[in-house]
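Take the sequence shown: its position 393, counting from 1, is numbered 457 in the numbering used here, and each next residue is one higher. Just so it is clear, CB atoms sit at the ideal spot from N, CA and C, and this is done for glycine as well. Data block below; observations after.
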Amino acid sequence: MPYTDVAIHYSPTGDIITMLVLLVFAVMIYESLFVSMDENFKLFKQAMVSIFMACIFNIAFFYLTKLDREHIFALYATRACYNLALVTTMYIFIMYLLNLVGIDDKSTRNFKLIVRVAAVLLSILLVATHFTHFGFYRDMSTGLWSRSGYLNAFVIAYALSVFGMGYILIRYSERMILQVSIMMLTCVGLSLITVIIDNIDVANEYLAFSYLLPMIGVIVMIHSRPYNLTTGAMSEEAFGDFSAQAYKNGTVIDYYSIEFMISTGNHDIPMEVGRALYKFERACLKHGVLFNLRPRLYVAAVYHDKMTEADTQKIDHWIKVILKEYYNKFKIDYKIQIYRGVDYIYELRQIINYLDLRAARMKCNEIFLATPEDVKELARTKYIAGELKKLAAEENLDNEHVLVYCQPVKNVKSGRFDSAEALARMTLPETALISPDKFIPVAERINVIHSLTKIILNKTCKEIRKLMDEGYEFDRVSVNVSVSEFKIDTFLSDITGIIEKNNVPYDKIALEITESTNDADYDFILEVVGKLRKLGVRIYLDDFGTGYSNFDRILSLGIDVVKFDRSLLLAWDKDRAVKVTLRHFSAAFRDLNYKLLFEGIETDEHEGLCFSCGADYLQGYRFSKPVPIEEYRNYLTKR
Ligand code: C2E
Ligand code: MG
Ligand code: MG
């Protein structure tokens, strides 16, 4: 049934609105962190382009029909292109949904193949309507542009695509968040209704517009990342994109991190402080972005090269003066870190690691301004972390990059160095010898510390075995372990396994642990420590006096030796209270039959002080610096 002139009812409003909305999308997307640009987002952008093209061809077609002179070829071409653009959009929609489902198995691959074949066949059909009259064509007898009824190539394509989308959404609904599925189904349904109304009218005014509905849904629900409405900060995912982009383009960034130390409960920062951060952003970050990486961790990242001296000073003034007034007013503690000229942060975890590592060494309400040397050190940390990961993956207990040094410990009673502490060192392809403070905290943070411990224990046991075989006399060597390792299921069996494998008696080994502030750790430690001691492994409490000493716990733990930290010796001279406390603790530990070891003895005076406290063991540069463990024999005598 031929229709009369299809152009009669047409007005370009729908197409123009569609194009305008697409332009708004484009502005939103252009260099914006509002939108998450994952892989699938490429398809979204392609769909935008094809809808835009459809609008242009539609408008062109209808204006061509209004011209006095007939341009038959141009009319056919614009109509065909319009239809093809719409079919392409539908094809992209289906591919987009399939990617969202995220399954790549035989059935999804087959489905993709069917969709591709259908798209090609329908495209051919749509272009061929001139000959088939199965769609728009020019009726030669009347000279009018007509359409073959409700059933034509385009309607079939449209129906199939709606069916395809509905099928994916329902079949894989468990793979999608319910709200997203409902939103998509609603959008597809609404667009179907628009198409039906449009079809009755034969004008195709709102056909392209109907395609926008699913797109709006998609961008809002899947790709949008709203700003925090109080602070104006972007989410951590946005930071991921930002840093990845900067890394890829070699852009140099200045980072300003502000962490609020509100520890109790889930308390967020007060609204006023949040608004102050927003004002800071408005005032200072025209070349940067404020991110909220964790509930109370904010990081401002600015493009280093775009900043003038005045810009930087302004940021400094805000950070160091204006914002500080707010913190003081609301009595919130903070830690601020400033890194300028960084070009190697490529992911969220990395910056969080750096910030946490440094923060652990900072006091509250301190501002840390990284020197260029510090920034370089951060780059080194990245390198070390990478090497540590490799080392952990290799699982080689004889790894050549890990070296064991040891510091002989003097036994006060015998006057001999009959015990020693094993201390880790590393050499990496790009570094000289590195000290433990450069890699132990990194290893702890990236959870490879246990791999290191195993290597050090293994190398220590090997040396112990040699010393014993050569007839040297000594009591034991202590190895440092991290509290976090006690939670590892295989911790106990790993330790005992290595000791036994090297044929070393358990009582030749001691483990040094530090105190933990975490209650949850304590139960694990208690259990494992008990088992180790039963076997004969001695337990030392390291760095006593630096942690949050919880005396009850220390007493219940059951340890053999308490190691007084060097900082106590340093404070001793200056602080009378320390002197009193130390004497008090020493006496208490002696009553409990714990042995006392003093660390960091550098002078005769230190040694005298330790004697007066009843020291059993002394360790420090006064006697020996740490030496390669093979040299321990120089401090020993043979039987
Ligand atoms: P720590 O266990 O308290 O080790 C004692 C540290 O004090 C050693 O530093 C030692 O060289 C240093 N020291 C000893 N006597 C003196 C002195 O008279 N004056 C001064 N200023 N320092 C002295 P090192 O070897 O740099 O180790 C630092 C820390 O790294 C260790 O403190 C320990 O906590 C950790 N660490 C070392 N090796 C390992 C390990 O294999 N595993 C684990 N988890 N941690 C380790
Ligand atoms: Mg130690
Ligand atoms: Mg210590």
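{"query": "Whole alpha helix (DSSP H) elements within the stretch 115-190, 4-residue minimum", "result": "136-165"}
{"query": "Check: R630 C-beta below 8 Å from any heavy atom of ligand 3", "result": "yes"}
{"query": "Cβ-heavy atom distance, D624 to ligand 3, below 8 Å", "result": "no"}
{"query": "Beta carbon of L271 nearer than 9 Å to that of T258", "result": "yes"}
{"query": "Backbone CA spacing between T142 and S274 [nearest angstrom]", "result": "20 Å"}
{"query": "First and last residue of the uninterrupted alpha helix (DSSP H) at I504", "result": "P500 to R509"}
{"query": "Identity of the residues DSSP links to D318 by a beta bridge", "result": "V366"}
{"query": "Reduced DSSP category for T68 - H, G, I as helix; E, B as strand; rest coil", "result": "Note that T68 scores 45 on pLDDT, short of 50, meaning its location in the model is unreliable; the coordinates nonetheless yield the value given after this. The answer is coil: DSSP assigns T68 none of H, G, I, E or B."}
{"query": "Ligand 1 heavy atom lying under 8 Å from the CB of Y469", "result": "yes"}
{"query": "V545 vs T517 beta-carbon contact at 9 Å", "result": "yes"}
{"query": "Helix, strand or coil at K474 [DSSP, three-state]", "result": "strand"}
{"query": "Nearest to E549 (by Cα), restricted to the options F344, L150, V593 and S620", "result": "V593"}
{"query": "Within the stretch 203-228, ranges of the beta strand (DSSP E) (whole runs, at least 3 residues)", "result": "209-211"}
{"query": "Assumed close pair I232, L150 - CB separation to whole angstroms, cut-off 8 Å", "result": "Contact flag wrong, Cβ pair sits at about 19 Å."}
{"query": "Contact under 9 Å by Cβ, L86 with A302", "result": "no"}
{"query": "Helix, strand or coil at S515 [DSSP, three-state]", "result": "helix"}
{"query": "Heavy atom of ligand 1 within 8 Å of L452 beta-carbon", "result": "no"}
{"query": "At least 3 beta-carbon pairs within less than 8 Å: the stretch 281-297 vs the stretch 336-344", "result": "yes"}
{"query": "Ligand 1 heavy atom lying under 8 Å from the CB of D168", "result": "no"}
{"query": "Helix, strand or coil at F306 [DSSP, three-state]", "result": "helix"}
{"query": "Reduced DSSP category for T491 - H, G, I as helix; E, B as strand; rest coil", "result": "strand"}
{"query": "Near ligand 1: L516 beta-carbon under 8 Å from a heavy atom", "result": "yes"}
{"query": "Distance CB(I400)-CB(I322) smaller than 9 Å", "result": "yes"}
{"query": "Boundaries of the alpha helix (DSSP H) in which N710 is found, first to last residue", "result": "A query on residue 710 cannot be resolved here, the shown segment of the chain reaching from 65 to 703 and no further."}
{"query": "C-beta atoms of I431 and K384 nearer than 9 Å", "result": "yes"}
{"query": "Among Y685, E103, T193 and M154, nearest to G787 - alpha-carbon criterion", "result": "Absent from the model: residue 787. The displayed extent of the chain is 65 to 703, so no value can be given."}
{"query": "Closest Cα partner of I99 within the set M285, G338, M83 and T82", "result": "Before going on, a small fix: residue 99 reads as Val here, not Ile. Nearest option by C-alpha distance: M285."}
{"query": "Contacting residues, own chain, Cβ-Cβ under 6 Å from E527 (five flanking each side not counted)", "result": "I693"}
{"query": "Any 3 or more C-beta pairs closer than 8 Å across the stretch 343-359 and the stretch 371-387", "result": "yes"}
{"query": "Close Cβ partners of L139 (< 8 Å) along its chain, the five nearest in sequence each way excluded", "result": "F125, L128, T129, R202 and W209"}
{"query": "CB contact flag (T163, G199, <9 Å)", "result": "It should be pointed out that residue 163 corresponds to Asn in this sequence rather than to Thr. The answer is no: Cβ separation not under 9 Å."}
{"query": "Residue range of the unbroken alpha helix (DSSP H) whose run includes L387", "result": "L387 to K393"}
{"query": "Distance between T578 and H287 (C-alpha atoms, nearest Å)", "result": "46 Å"}
{"query": "Rounded distance between the beta-carbons of E537 and V659, thought under 8 Å", "result": "It should be noted that the sequence gives Lys, not Val, for residue 659. Actually they do not touch by this definition, with Cβ atoms about 19 Å apart."}
{"query": "Buried versus exposed, by CB contacts within 10 Å (16 or more), L84", "result": "exposed"}
{"query": "Sub-9 Å separation of L189 and T196 beta-carbons", "result": "yes"}
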